[in-house]
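Asker: Residue numbers (full-length UniProt numbering): 1 to 341. Even for Gly, the Cβ is constructed at its ideal location relative to N, Cα and C. Before anything else, here's the structure in question.
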Ligand SMILES: NCc1[nH]cc(CCC(=O)O)c1CC(=O)O
């Protein structure tokens, strides 16, 4: 029997849950044994706001270094934490089926956004969430928070905050969906590019393992998040501003109204029943919002799913033509590549 594969993971409860689910799926599909190897990242030990320590990329780089050094055989990341640029020497071996990509509100007393009184304190560390919350015009006070999901929820339980905005996917993986008081409609709060998806990364030279891990890949999820990340990469040229992007696949016939409702269940069902990707369409929405919430640019495009990258570029171009460049400050020098969300 070959030795167990070493899966590099962060040590947070969320990262461990994600890594375990990938390990179990791989063992179930291929019979390969997997051991988890915990890697501590700077993002885990520092209390500084993410934006000042280099964005969510800090969670990723320590895992990538361990992978390139041969200390682990593969790594699992939250896809939305990956910088948009290619990682030299590494291959995205699988993008497993996506969890619910939407953001959620976890508020006191079962309240929704519309029910919270003016001046309510809502915690988030994400410029994208902050700007979109301000754009709602509800007079909410956005308060910066950091720390893991449990820490954030405890600030609501302890009465320090009236609510926090988090990813549905993270709460779901932690078994904490009971805390959700409202699932935010992407029409109001568009998720981060790649939110709800995982990335399984290998060394590019490890072709044998890449082939084995491919069994975990969901092509429709990969195409959707590829398009979303192209939008981010294009708009981010010169900025780290709040960008949301959300793509769903749907059957390209006259069933659009129903199929484009946007749930991952709907997109998965259609991708399985379609005989070929040729009949599948990709519907991508993008939003950029100024930090104060005063200016919002929202656009969408639809096209053949096989043209995911071109569609992402076309959407970004439409947004830039509408002035997204000034909202995100594209004229300014580029400070960094990560999107903190
Ligand atoms: N910002 C940190 C982060 N990175 C990934 C997730 C979980 C959701 C996902 O996998 O997309 C979270 C928590 C959150 O945004 O609430």
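1) Alpha carbon to alpha carbon, how far is residue 2 from residue 236? Give it in angstroms, no decimals.
2) By DSSP's criteria, residue 163 is part of a beta bridge. Which residues make up the other side?
3) Starting from residue 315, follow the alpha helix (DSSP H) in both directions and report where the run begins and ends.
4) Count the other CB atoms within 10 Å of the CB of residue 373; is the residue buried (16 or more) or exposed (fewer)?
5) Could you give the DSSP three-state label for residue 145: helix, strand or coil?
6) Got a sec: is the Cβ-Cβ distance from residue 202 to anything in chain D below 8 Å?
7) Quick check: what's the CA-CA separation for residue 256 versus residue 305?
8) How do the segment 280-296 and the segment 127-143 stand: do at least 3 beta-carbon pairs fall below 8 Å, yes or no?
9) So, is residue 252 buried or exposed, given that buried needs 16 or more other C-beta atoms within 10 angstroms?
10) Can you give me the Cβ contacts of residue 222 inside the same chain, cut-off strictly under 6 Å, excluding the 5 residues immediately before and after it?
11) How many angstroms separate the CA atom of residue 93 from the CA atom of residue 61?
12) Rounded to the nearest angstrom, what separates residue 277 and residue 124 at their Cα positions?
13) Using 7 Å as the cut-off, classify the Cβ of residue 132 as near or not near the heavy atoms of ligand 1, replying yes or no.
Answerer: Inspection of the coordinates gives the following:
1) 44 Å
2) 107, 122
3) 308-321
4) Only positions 1 to 341 of the chain appear in this structure, which leaves residue 373 out of reach.
5) coil
6) In the displayed structure, chain D is absent; only one protein chain is listed.
7) With a pLDDT of only 45 at residue 256, under 50, the local geometry of the prediction cannot be trusted, and no value is derived from it.
8) yes
9) buried
10) 95
11) 17 Å
12) With a pLDDT of 43 at residue 277, under the threshold of 50, the modelled position of that residue is not reliable, and the figure given next carries that caveat. If I take the Cα positions, the gap works out to 38 Å.
13) no
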